[in-house]
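Number 367 in my numbering belongs to position 367 of the sequence shown; there are no gaps in the numbering.
In this text, a Cβ means the ideal position worked out from N, Cα and C, and glycines have one as well.
What follows is a single structure, written as structure tokens, with notes after it.
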Amino acid sequence: MFTEQLQLIETLNPIYNALTTVFDVPDDATGPLAGALFSVKANIDVARTATTHGLKSLTGNMKTADAPIVARLRAAGATPVGHANMPTLNARGMHTCSDLAGHTVNPWDASKSPGGSSGGDAVAVATGMVRFGIGNDSGGSLRLPAFLNGVCALKPSYGRYPQGAVFGQADPSFPTQVMTVEGPLARTVADLRLVHDLLCGADPADPRVVPVPASGPPAPRMAGFVPGDPVVEEAAKRLVDAGYEVEPVEAPRVDEAAELSLRMIATPIALGYEQFAAFAGEEVALNARHLLKVRPALDLAEFLAVTATRLAVQREWARLLDRWPVLVGPVSTIPSYEPDQDRRSPEALAGYFEATKLCEATSFAGLPAVAVPTGLRDGLPTGVQVISRMYREDLALDAAAVLETALSPAVSAG
1 MFTEQLQLIE
11 TLNPIYNALT
21 TVFDVPDDAT
31 GPLAGALFSV
41 KANIDVARTA
51 TTHGLKSLTG
61 NMKTADAPIV
71 ARLRAAGATP
81 VGHANMPTLN
91 ARGMHTCSDL
101 AGHTVNPWDA
111 SKSPGGSSGG
121 DAVAVATGMV
131 RFGIGNDSGG
141 SLRLPAFLNG
151 VCALKPSYGR
161 YPQGAVFGQA
171 DPSFPTQVMT
181 VEGPLARTVA
191 DLRLVHDLLC
201 GADPADPRVV
211 PVPASGPPAP
221 RMAGFVPGDP
231 VVEEAAKRLV
241 DAGYEVEPVE
251 APRVDEAAEL
261 SLRMIATPIA
271 LGYEQFAAFA
281 GEEVALNARH
291 LLKVRPALDL
301 AEFLAVTATR
311 LAVQREWARL
321 LDRWPVLVGP
331 VSTIPSYEPD
341 QDRRSPEALA
351 GYFEATKLCE
361 ATSFAGLPAV
371 AVPTGLRDGL
381 PTGVQVISRM
391 YREDLALDAA
401 AVLETALSPA
411 VSAG
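And the structure:
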């Protein structure tokens, strides 16, 4: 069943370095996804394989059970074929390079970054090595590599799928609990929807999961868009052509939410920096120092205040999305990155954060978003993200499907 696909992986993976490990795959799966191979980010458990988090020292970290969403996909007939490369310890968002496997290569232009942190999965999908990939996102880590590789990604709502990725403790810290979500990357919006439908549903392993249907009732075909970006404005025009009522809107408290999301993430890193640096090594510690320079850790009083601010931000977004069920905005206002761009200085890292602040803000608010390609510019992919109401991923998928049909090029990477 998988002979041709495995031969393609054998040919392409040495070029693009998307998969760190290729598994032995059985040939007897049944179900709606039978015959579909998928990749799994190297910080998500797959039974009988090592969850390395990108570290050579964790190649013996063997797991006995699948993470919940891997188990759900396997039950539907899909087959995990390999762990995908990621930044070491997920400590870098803009580029995918690990202690274990080195750099992953952008298939559109080897001088450009494939993005992070789910960059290995995005490249595996973009080059056709897998039908879809499973990564995670706490501030753009699904959406940015999808944008840079010309594929689709779904960052689900907080509490939508049962989560499994964790490192160094039995359960994730509060910032990870409320902002990091696992989700799919695929070449088409239809495949995102298929995977989404399979991943929804309560699980006693994760009490955060909200038992609501994968799709909700029809909503008015109305969309807001963030003005000022020509790719976003072109996408807005195509929604108008498809019958949406569209207006420019101001997304609420984006700068504040983006900064606070990163300061929340920085806080546990700062508290355990010495141990983190000793374990992770100097390359990863440099990333952490840059982060702490531009987004310093919160003290206790500040952290408690942020938990209240987060609710206020969520409320303002809920009011906006009650009026406009979807919002179209940029994934990144910078169209491409060099692989070392974020590591050159704290100021360079701050520039990356500024470019992707809508991703960071929507992660802070727990909102779902779909990244969808919209064409090519100077030979590189362009794209937008479609943000929707909590637990209404279907509305974002509907609008993304319109944009995919109207704007996405019929070309492939690699």
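The DSSP-derived three-state label of Q385 is strand. Between F279 and I269, the CB-CB gap reaches or exceeds 8 Å. Here G31 has A76, G77 as same chain residues with Cβ atoms under 6 Å from its own Cβ, once five neighbours each way along the sequence are excluded. In this structure F132 does not touch V81 by the C-beta definition: roughly 11 Å separates them, more than the 8 Å allowed.
G35 and A50 have their alpha carbons spaced roughly 24 Å apart.
Considered as a whole, the region 281-334 harbours 326-329 as its complete beta strand (DSSP E) runs of no fewer than 3 residues, in chain order. Contact between H83 and V40 holds: their C-beta atoms lie close to 6 Å from each other, under 8 Å.
Taking the Cα of T382 as reference, the smallest distance to any Cα among A242, P230, A369 is reached at P230. Check the Cα spacing between E245 and each of A236, A251, D255: the tightest is with A236. Residue pairing of T79 in beta bridges, as defined by DSSP: L37.
With a threshold of 16 other beta carbon atoms within 10 Å, F174 falls short and is exposed.
Only residues of its own chain outside the window of five on either side were considered, and among them A214 have a CB closer than 6 Å to the CB of C200, listed in chain order.
Collapsing the DSSP output to three states places C200 in coil.
Annotation: the region 60-147 contains the following complete segments of the alpha helix (DSSP H) (minimum length 4 residues), in chain order: 68-75, 119-126. Distance from the CA atom of A251 to the CA atom of F225, rounded to whole angstroms, is 9 Å. When the Cα atoms are used, V284 and L291 turn out to be separated by approximately 11 Å. Beta-bridge partners of D206 (DSSP): D203.
The alpha-carbon separation between Y391 and P325 amounts to approximately 12 Å. Secondary structure at V226: coil, using DSSP grouped into helix, strand and coil.
If you draw a straight line from the Cα of L239 to the Cα of D66, it is about 39 Å long.
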